[in-house]
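Single-structure report; data block below.
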Amino acid sequence: MKRRDLLKAASAAAGALAISPLMARASDVPAEIPQEVDVLVVGGGTAGSIAALQAARAGAKTMLLEMGSQLGGTTTTGGVNFPGLFHAWGKQVIAGIGWDLVEKAVELDSGTMPDFTRTDLRHSALQVRINGQLYAALLEEACLDAGVSLAYYQFPLAVEPAGKGWKVDVVGKGVRYPLACKQLIDCTGGADVVGMLGLARLREETIQPGTFTFRLGDYDVKQLDAQEIQRRYRKALDEGELEEGDYSHAGGSFMGFLGGGGKNAQHVFGADSSTAVTKTQTNIAGRRSILRLLRFVRSLPGCENARVLEMMQETAVRETYRIEGETVITCDDYTSGRLFDDAVCYAFYPVDLHDKHGVKPQPLQPGTVPTIPLSALIPKGSRNLLVAGRCVSSDRLANSALRVQAPCMAMGQAAGAAAALAAAANTTPMKVPLAQVRSVLREHGAIVPGNEG
14 MKRRDLLKAA SAAAGALAIS PLMARASDVP AEIPQEVDVL VVGGGTAGSI
64 AALQAARAGA KTMLLEMGSQ LGGTTTTGGV NFPGLFHAWG KQVIAGIGWD
114 LVEKAVELDS GTMPDFTRTD LRHSALQVRI NGQLYAALLE EACLDAGVSL
164 AYYQFPLAVE PAGKGWKVDV VGKGVRYPLA CKQLIDCTGG ADVVGMLGLA
214 RLREETIQPG TFTFRLGDYD VKQLDAQEIQ RRYRKALDEG ELEEGDYSHA
264 GGSFMGFLGG GGKNAQHVFG ADSSTAVTKT QTNIAGRRSI LRLLRFVRSL
314 PGCENARVLE MMQETAVRET YRIEGETVIT CDDYTSGRLF DDAVCYAFYP
364 VDLHDKHGVK PQPLQPGTVP TIPLSALIPK GSRNLLVAGR CVSSDRLANS
414 ALRVQAPCMA MGQAAGAAAA LAAAANTTPM KVPLAQVRSV LREHGAIVPG
464 NEG
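Under my numbering, think of the first position of the sequence shown as 14, with each following residue one higher.
Spelled out as structure tokens, the structure:
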């Protein structure tokens, strides 16, 4: 083929590619910003993404603001890609929208589910391992299919009551606009919107440490000298080469850390996502910890070629603010499996408070399955406002169990259903008949405590 003919062929191929339906172009994605919505969800994490999906699927015009680049929160960006617990004592207690997406993520990644009938296993063995980044893509796809307006890199600068709803001043890179909504769901993790409105929030003087998730590899644990490694580990701690929290089980064997390749085995003390300043400090501390660990591990005999195989973008935070809701779930409520009159979902996980000594989960008694009331998702004295996720109204010990991903998904779905119904009826969530909320939840696959109407 002559050079001139070759250039013509290349040009034709390029032209065909440019108009191919297989090409993905950012300009093909609708960028219209709505002026008014029925339901605004702030925070597209574990709870918020499911809240938005439920609201939209229930017929509400829904918008989701997310400060980051993707949905899923700790499950995706935070690297805690093993959500649970969906089953209790061999029986499924949390299903619905979140569970459906987790199933899809496992299937699309050719993964496997745990054997949920095994009630003798430690709780971590019943968590579902998923590809976090794939899950983020599936969440996004589901939201777009449901008609949710997605707004990444955006957050509310101010929120104020307006008639029977809210006026929100939304800002982001290169954008600022007013948005009106009938119902607002705060899924920011630390109840940021609730705080903006001056409503009561609860916070401990010392909060649980966070974890900057990463994974080490390229060494053979079976070839390592456990005694020598433990000696060097203790020496590194004593001399300041490593710091308390670099390995979350500081009093244990460092072989446990190496055997797991790091992963969820590091603590960042004081990890706080409440403000841009504290979040910056938290992430810097997390990355410094990883560098200390990597340099130490590479100094160990047999680990000279160790390297970071995977590293998340930010620290996963366990605790900041909680709301003071119309109901406060206590640890006794949780551990006794109290069935609240307005229960909308179950929760199941050990009481799991992390501190400087590590964590010693306190399993629930056999047969116990806690519930979450709708009134714990409603800030005390508020109208047209709900929360979902780890900021649920609860005391600290109860919150240490409620904060995990399966209950957060269930809370998100419940909040989304209540918000959609309240918007349709031009009322506030507390006045929506509970039977209607439960009916919508069951219609979308959720398991409702008591299964009463």
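Ideal Cβ placement from N, Cα and C applies to all residues, glycine included.
What is the rounded straight-line gap between the Cα of residue i and the Cα of residue j?
i, j, result
"GLY463", "VAL115", "24 Å"
"GLN221", "ARG70", "35 Å"
"PRO34", "LEU77", "With a pLDDT of only 47 at PRO34, under the threshold of 50, the placement of this residue in the model should not be trusted; the figure read from the coordinates follows. Approximately 28 Å between the Cα atoms of the pair."
"ALA423", "GLU332", "19 Å"
"ALA459", "ALA419", "12 Å"
"GLU153", "PRO96", "18 Å"
"ARG214", "LEU255", "35 Å"
"VAL287", "SER407", "A small fix is needed here, since residue 287 is Ser in this sequence, not Val. Near 18 Å, if we compare the C-alpha coordinates of SER407 and SER287."
"VAL55", "GLY124", "31 Å"
"VAL290", "GLY223", "16 Å"
"ILE110", "ALA101", "18 Å"
"ALA60", "GLU252", "42 Å"
"VAL350", "ILE107", "Residue identity differs from the one stated: residue 350 is Gly in this sequence, not Val. So the two alpha carbons sit approximately 15 Å from each other."
"HIS262", "GLN378", "25 Å"
"VAL207", "ALA284", "21 Å"
"GLN426", "MET268", "40 Å"
"SER266", "GLN140", "24 Å"
"CYS194", "ASP158", "21 Å"
"LEU53", "TYR246", "49 Å"
"THR132", "PHE168", "42 Å"
"ARG396", "GLN105", "33 Å"
Here's a check: name, in chain order, each residue in its chain whose Cβ is nearer than 7 Å to the Cβ of residue i, leaving out the five neighbours to either side.
i, result
"GLU241", "PRO314"
"TRP112", "PHE99"
"LEU210", "VAL172"
"ASP259", "GLN279, SER302, ARG305 and LEU306"
"ALA298", "VAL281"
"THR89", "GLN83, GLY145, GLN146, TYR148 and ALA149"
"LYS186", "TYR166"
"ALA329", "THR87, GLY91, GLY92, VAL93, GLY223, THR224 and THR226"
"GLY380", "TRP102"
"ARG311", "GLU317 and ALA319"
"ASN439", "LYS177"
"ALA155", "LEU66 and LEU114"
"MET126", "VAL119 and VAL141"
Along the alpha helix (DSSP H) that carries residue i, what are the first and last residues, could you check?
i, result
"THR441", "From DSSP, THR441 is part of no alpha helix (DSSP H); its letter is neither H nor E."
"GLY208", "205-209"
"ASP346", "344-349"
"GLN240", "239-252"
"GLN449", "447-456"
"GLY273", "267-273"
Considering just the uninterrupted stretch of the beta strand (DSSP E) at residue i, what are its terminal residues?
i, result
"LEU229", "227-230"
"GLU217", "Run containing GLU217: none; DSSP gives neither H nor E here."
"SER287", "Counting along the chain, SER287 falls outside any beta strand (DSSP E), and DSSP gives it neither H nor E."
"MET324", "320-324"
"GLN196", "188-199"
"ASP51", "49-55"
"THR184", "The sequence as given places Val at residue 184; Thr does not occur at that position. 178-185 is the span of the beta strand (DSSP E), which, as asked, contains VAL184."
"TYR165", "162-165"
Excluding sequence positions up to five away, which residues of its chain have a Cβ less than 6 Å from the Cβ of residue i?
i, result
"GLU79", "GLY57 and TYR165"
"GLY160", "ALA69"
"THR130", "GLY103"
"GLN375", "PRO363 and VAL364"
"GLY272", "VAL234"
"ALA389", "GLY338, THR340, ILE342, VAL405 and SER406"
"LYS444", "none"
"SER62", "LEU84 and LEU152"
"ALA239", "MET268"
Going by beta carbon distance, what residues of the same chain come within less than 8 Å of residue i, once the five residues before and after it are set aside?
i, result
"LEU366", "GLN221, VAL372, ARG409, LEU410 and SER413"
"PRO191", "GLN48, LYS180, VAL181, ASP182 and VAL183"
"ILE143", "THR88, ASN94, PHE95, PRO96, VAL115, ALA118, VAL119, ASP122 and GLY124"
"GLN236", "GLY315"
Any beta strand (DSSP E) of 3 or more consecutive residues that is wholly inside the region 68-147: The qualifying runs are 75-79.
Cβ pair count under 8 Å reaching 3, the region 292-305 against the region 333-344: Below 8 Å, too few C-beta pairs join the region 292-305 and the region 333-344 to call them touching: fewer than three.
Segment contact, 8 Å Cβ cut-off, at least three pairs: the region 321-332 with the region 341-355: Fewer than three Cβ pairs drawn from the region 321-332 and the region 341-355 lie within less than 8 Å of each other, which leaves the two stretches out of contact.
Every unbroken alpha helix (DSSP H) inside the region 350-437 [4 residues or more]: Complete alpha helix (DSSP H) runs here, min 4: 409-415.
Touch test, the region 197-204 against the region 398-405, Cβ-Cβ under 8 Å, three pairs minimum: Yes, they touch.
Given 8 Å, three or more beta-carbon pairs between the region 448-457 and the region 423-440: Contact between the region 448-457 and the region 423-440 is present, with at least three C-beta pairs closer than 8 Å.
Segment contact flag, the region 384-391 with the region 350-361, C-beta cutoff 8 Å, min 3 pairs: In this structure the region 384-391 touches the region 350-361; the number of beta carbon pairs closer than 8 Å is three or more.
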